[in-house]
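*Asks:* I have a structure I would like to understand better, so I am pasting it below and will then ask my questions one at a time.
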Amino acid sequence: MSARRLAATFLLAAVAVATLSLACVPEERDALLAFRDGVTGDPGGRLASWRRGGDCCRWRGVRYSNRTNGHVVALRLRNDAAAAAGGGGAEAELDDRGYYAGGAALVGAISLALLSLRRLRHLDLSRNYLEGSPPGPPPAFLGGLANLRYLNLSGIYFSGEVPPRLGNLSNLRYLDLSTDFSAQLARSSELSWLARMPSLRHLSLSSLRLLPHNLTNLKVLDLSMNHLDHRAELAWFWNITSLTDLSLMGTHLHGQIPDELDAMASLQVLDLSYNGNKATMPRSLRGLCNLRVLDLDSALDGGDIGELMQRLPQQCSSSNMLQELYLPNNGMTGILPDYSKLMHLTGLRVLDLSYNNLTGPIPRSMGNLSGLDILDLSFNNLTGLIPAGEGCFAGLSTLVLSENFLTGQIPEELGYLGSLTTLDLYGNHLSGHVPSEIGKLANLTYLDISRNDLDGVITEEHFARLARLTTIDLSLNPLKIEVGSEWKPPFSLEKANFSHCAMGPLFPAWLQWQVDFSCLDISSTGINDTLPDWLSTAFPKMAVLDISENSIYGGLPANLEAMSIQELYLSSNQLTGHIPKLPRNITILDISINSLSGPLPKIQSPKLLSLILFSNHITGTIPESICESQDLFILDLANNLLVGELPRCDSMGTMRYLLLSNNSLSGEFPQFVQSCTSLGFLDLGWNSFSGTLPMWIGDLVQLQFLQLSYNMFSGNIPNILTKLKLLHHLNLAGNNISGTIPRDLSNLTAMTQTKGIVHSFPYQGYASVVGEPGNSLSVVTKGQELNYGVGILDMVSIDLSLNDLTGIIPEEMISLDALLNLNLSWNRLSGKIPEKIGTIRSLESLDLSRNMLSGEIPSSLSNLTYLSFLDLADNNLTGRIPSGSQLDTLYEEHPYMYGGNSGLCGPPLRENCSANDASKLDGQEIAERDFDPLSFGFGHCLGFVFGLWVVFCVLLFKKSWRLCYFCFIDRIYDQIYVFLVLTCKRFGRG
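Mapped onto our numbering, the consecutive letters of the sequence shown carry residue numbers 233 to 1222.
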């Protein structure tokens, strides 16, 4: 062994001995163990190495220093997303429930024993649940850690007053008391204690409720998410000229930003974003020569884009420092300035002007901003062509021009922007062919040119060098994708949308090589083929697959259950055969409008949210296993051949839409529905349900659409039905319901104009489904059955026709002034039509025909200017018909609308009203008129019998009449005989 190697070995051994000699200070080890004992929950096992008798210098999160003879100088227990795996990783974010994702957050309280760590300089306990139970304020004793330089308690759910004793930390340079929680439970009534921290350079108090106080010598001030909500000029921090970073995001400052801001020459980062668009730019920011980042997202109350650009830093001795400028969602107007007015912004790397009202073309000279890396001009009103040419936007990596009114072709010069990673042009009016030069963008990862007027053929050349492409969207363009059957793409896509592009007739074989797919949409692509065998195994990461609206035939994959897919859309195809077992992780399944048959499989998908199978040929009963999917939100089995009763489920509280119409389901009103406490849409029409409507139907207080038509329900309409204040569509037509119409209809406030419930109906994305043609969501209105599709969701309607209702039409019905359709025909209602029925001004269709209504037609009907159909036929109405241009027009279109009311007179009828017209009839005459059909039939029969007996008696007792009668019969006989003989001979000659 050489001398050099021996020396190195000796040195390493010496270092190892020295290291081993630095054992943990016993007092500090006990303090750390006491801290561990205060932690009641450690799901990630982050303190598992903290064991009594061990060397605390080797414990996870503990740092010591040789210079301090083994004393602990840092305690780093921040909750990171990868903490459970022992890595640093990304920060743990809040999940949908408000908890830190990753399951590694410590739970408990911060122990007083930390005061024994006298040499501690760095303490980071952020993003844990160490606020104690119940939550308390940040521990005041931390102010006793005199050597502390860094204190991070952010993201801890503290509550109460921030202790002023923290001001004793005179050596502190970094203090973060911010939180991810919006409740702002922690507060500070005064900040004078911060003045005792002369070394403080970074201060973050976001989401902390505090009162203003002057501070000096700060470098970083983060007050984001504090609800200051006062005029910007009254804020206390504009005189802190030492600041380099100032974050005021979400503080709701409003009004004019004071000119003092222009004097904060040290500022490098200024964040005024998300302040409710209530602030006004200061007259000048030209003095902020060190400003690198300016974020005004959703901060300003409008303004001209050209004027704002001129207020930005310029005429500085150093080069242009501003690199990132964010101005989205500010209502900015005007046209984009050309390069000559942007000379002071040549250092820009990011320019975001999205979600404004900018007009005019994109100046070609803007492309001279050669340092620009990200340009976002989306969601404006820009017109003209996409600027292109040699050197134009040469350094761009991200170009977003979506949702404008740009025209012309996609410039082929875009294919030479070698740094481009994102190209987003969707939602414009671009036309022509897609240039093949796009295929040269070797760094492109995201391509979206959807919702344009692009045409032509996409070939393999368009994809030639797109090896890094992960997301592509060509949808809603009349494009045709033609690639070879053996083609293997150079990319591995994660998301792709080719909807409404031509990809058929064969199922695209190249898709099977895209094993990283998570979302794929090939709906309406002209595929006329069977589903390939590899479909169920090729995509292990697939979450969403949409192959709807094609002409796919054959059966579903037999091993459908093995797919890991979460959302599967196969509606509007020609699929046949049985439905196999569903994937266990499936959440949304739509195979509607096909020709599937056989019974439903056993449902073993506990995460199922939406099951849409309407318009097939499914037979059998609804399986009991459906009850296991307790998170089911939509169940649509309409237009099938299902029979039997519904299963009894104990808890289906999340069910919002239940559509079972047009089957042969039977039994009493389904008990299944009672458990659906969140139900908003219920359609049981066209089945064989019977029995009475249950009283508990009034407990479904979220119900807005109720269709029970054409069943065999009987009994009365329960008055409790009027408790459904959100109900705006009620259809009980075609049953055997009797009794009277409930009087408390005025409680149905969703059918009134004042509530306006209809226009905010929360169908949450299902409107496009329930309105499909296969669903038969129709309304009998305007004298015919109309399929309204999605429009039925806004149809405020009551249809009680074809029942056996009696009594009067309640006056309270006139309060439902948002009604569009009222159909009470084919009942036995009596009494008068409500006099003020004309106050339902929105009424478009009114059908009261085939009842026993009496009295005059209310003159207020002429006030219904939107009325396009009226039928009052076959009642006992009397008197003069009201005049009005609307009623006259309706009579010309429907001349039968007054028919069967013999007591009506006056125009447009031919019957004139005399002095003793039908309006003067007394009660007895009206009562007799009620029996007209019976009286007419009885009189007809009686007259026939009486006349027959008179003729018989005359012939019997009057001989001369009898002889004349028989002679007349003989003459008739002879004439008929001669006519028949001559006719036969004539045909015989022919």
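Note that the Cβ used here is the ideal one computed from N, Cα and C, for glycine as well.
Every value quoted in this text rests on a predicted model; they were computed, and no experiment measured them.
Do GLN934 and LEU962 come within 8 Å of each other at the CB atom, strictly closer than that value?
*Replies:* No. Outside cutoff.
*Asks:* If you follow the beta strand (DSSP E) that ILE537 is in, where does it begin and where does it stop?
*Replies:* Run containing ILE537: none in the beta strand (DSSP E); it sits in the alpha helix (DSSP H), 537 to 542.
*Asks:* Where are the beta strand (DSSP E) runs, 3 residues long or more, that stay fully inside the region 877 to 919, in chain order?
*Replies:* As far as the region 877 to 919 is concerned, its whole beta strand (DSSP E) runs of at least 3 residues are 889 to 891, 896 to 900 and 913 to 915.
*Asks:* Tell me MET944's beta-bridge partners as DSSP assigns them.
*Replies:* Looking at the DSSP assignment, MET944 forms a beta bridge with SER922.
*Asks:* Is it true that the CB of SER837 sits closer than 8 Å to the CB of ILE818?
*Replies:* Taking 8 Å as the Cβ cut-off, ILE818 and SER837 qualify as a contacting pair.
*Asks:* Cutting at 8 Å between CB atoms, please list the residues of its own chain near SER946, excluding the five before and the five after it.
*Replies:* Same-chain partners within the cutoff: SER922, GLY923, THR924, ASN967, ASN968, ILE969 and SER970.
*Asks:* Pop quiz: LEU706 and SER682 are said to be a contact at Cβ under 8 Å. What is the actual Cβ separation, rounded to whole angstroms?
*Replies:* Right, the Cβ-Cβ distance comes to about 6 Å (below 8 Å), so this counts as a contact.
*Asks:* State the DSSP-derived secondary structure class of ALA531, mapped to helix, strand or coil.
*Replies:* Note: ALA531 maps to coil in three-state DSSP.
*Asks:* Which partner residues does GLN939 have in the DSSP bridge list?
*Replies:* Partner(s): ASP915 and ASN963.
*Asks:* Out of curiosity, what's the CA-to-CA distance linking PRO369 and ARG405?
*Replies:* For PRO369 and ARG405, the distance between alpha carbons rounds to 21 Å.
*Asks:* By DSSP's criteria, LEU577 is part of a beta bridge. Which residues make up the other side?
*Replies:* None, per the DSSP bridge assignment.
*Asks:* What three-state label does DSSP hand MET1084 in the structure shown?
*Replies:* Looking at MET1084 - three-state DSSP - the assignment turns out to be strand.
*Asks:* Please work out which residues of its chain come closer than 8 Å, Cβ to Cβ, to VAL247, disregarding the five sequence neighbours upstream and downstream, and give them in chain order.
*Replies:* Unreliable positioning characterises VAL247 in this predicted model, as indicated by a pLDDT of 39, which lies under 50. A coordinate reading is not provided.
*Asks:* Would you identify the three-state DSSP class for GLN488, choosing helix, strand or coil?
*Replies:* Strand at GLN488.
*Asks:* At what residue ranges does the region 691 to 734 contain a whole run of the beta strand (DSSP E), taking only runs of 3 or more?
*Replies:* Fully enclosed beta strand (DSSP E) runs of 3 or longer: 703 to 705, 711 to 713 and 727 to 729.
*Asks:* Rounded to whole angstroms, what's the CA-CA distance from ASN400 to ALA378? Just pull it up for me.
*Replies:* Distance between the alpha carbons of ASN400 and ALA378 is about 7 Å.
*Asks:* Closest to ILE704 by C-alpha separation, out of PHE739, ASP685, ALA734 and CYS751, would be which residue?
*Replies:* Here the closest residue by C-alpha is CYS751.
*Asks:* In chain order, what residues of the same chain have a beta carbon less than 6 Å from the beta carbon of PRO902, not counting five sequence neighbours either side?
*Replies:* Here the set comprises LEU878.
*Asks:* Taking 8 Å as the cut-off, does the region 618 to 628 touch the region 583 to 592 (at least 3 CB pairs, one atom from each stretch)?
*Replies:* Contact between the region 583 to 592 and the region 618 to 628 is absent, because fewer than three Cβ pairs lie under 8 Å.
*Asks:* For the alpha helix (DSSP H) holding LEU466, just list the boundary residues, first then last.
*Replies:* Per DSSP, LEU466 belongs to no alpha helix (DSSP H) and is neither H nor E.
*Asks:* Take PRO396 and list the residues in its own chain whose beta-carbon comes closer than 7 Å to its own, dropping the five residues that flank it on each side.
*Replies:* Contacts found: TRP425.
*Asks:* DSSP three-state call for ARG816: helix, strand or coil?
*Replies:* ARG816: coil per DSSP, three-state reduction.
*Asks:* Looking at C-alpha atoms only, which residue of ALA794, ARG278, GLU1076 and LEU493 is the closest neighbour of TRP470?
*Replies:* Of the candidates ALA794, ARG278, GLU1076 and LEU493, the one whose C-alpha sits nearest the C-alpha of TRP470 is LEU493.
*Asks:* Within this structure, are the beta carbons of ILE537 and LEU601 separated by less than 8 Å?
*Replies:* Not a contact, by the Cβ cut-off of 8 Å.
*Asks:* Where do the ends of the beta strand (DSSP E) carrying ASP262 lie?
*Replies:* Segment 258 to 269 is the alpha helix (DSSP H) holding ASP262; no beta strand (DSSP E) there.
*Asks:* Determine, using beta carbons only, whether SER436 comes closer than 8 Å to chain B.
*Replies:* No chain B is present in this structure, which holds just one protein chain.
*Asks:* What separation, rounded to the nearest whole angstrom, lies between the Cα atoms of SER668 and PHE695?
*Replies:* Rounded to the nearest angstrom, the two C-alpha atoms are 8 Å apart.
*Asks:* Do you know offhand how far LEU1078's Cα is from ASN1107's?
*Replies:* The straight-line gap from Cα to Cα measures roughly 14 Å.
*Asks:* The beta strand (DSSP E) with TYR1123 in it runs from where to where?
*Replies:* Segment 1117 to 1125 is the alpha helix (DSSP H) holding TYR1123; no beta strand (DSSP E) there.
*Asks:* Spell out the partners DSSP gives HIS849 in its beta bridges.
*Replies:* For HIS849, which the question treats as bridged, DSSP gives the partners SER829.
*Asks:* How should LYS773 be labelled, buried or exposed, when 16 other C-beta atoms within 10 angstroms of its C-beta is the threshold for buried?
*Replies:* Exposed, since its Cβ has fewer than 16 Cβ neighbours within 10 Å.
*Asks:* How about LEU192 and LEU437: do their beta carbons lie closer than 8 Å?
*Replies:* Past the boundaries of the shown model lies residue 192; the chain is included only from 233 to 1222, so the question cannot be answered.
*Asks:* Straight-line CA distance for ASN1035 to ASN1055?
*Replies:* Straight-line Cα distance between these residues: approximately 11 Å.
*Asks:* Under the DSSP definition of a beta bridge, which residues are partnered with ILE844?
*Replies:* Bridge partners of ILE844: ASP822 and ASP868.
*Asks:* Skipping 5 residues on each side, what residues in its chain have a beta carbon closer than 7 Å to that of ASN522?
*Replies:* Within the same chain, ASN522 has close Cβ partners ALA497, SER498, LEU499, GLN500 and MET553.
*Asks:* Apart from the five residues on each side of it in sequence, which residues of its chain come closer than 7 Å, Cβ to Cβ, to PRO974?
*Replies:* The answer, listed in chain order, is ILE949, ASN951, LEU953 and THR954.
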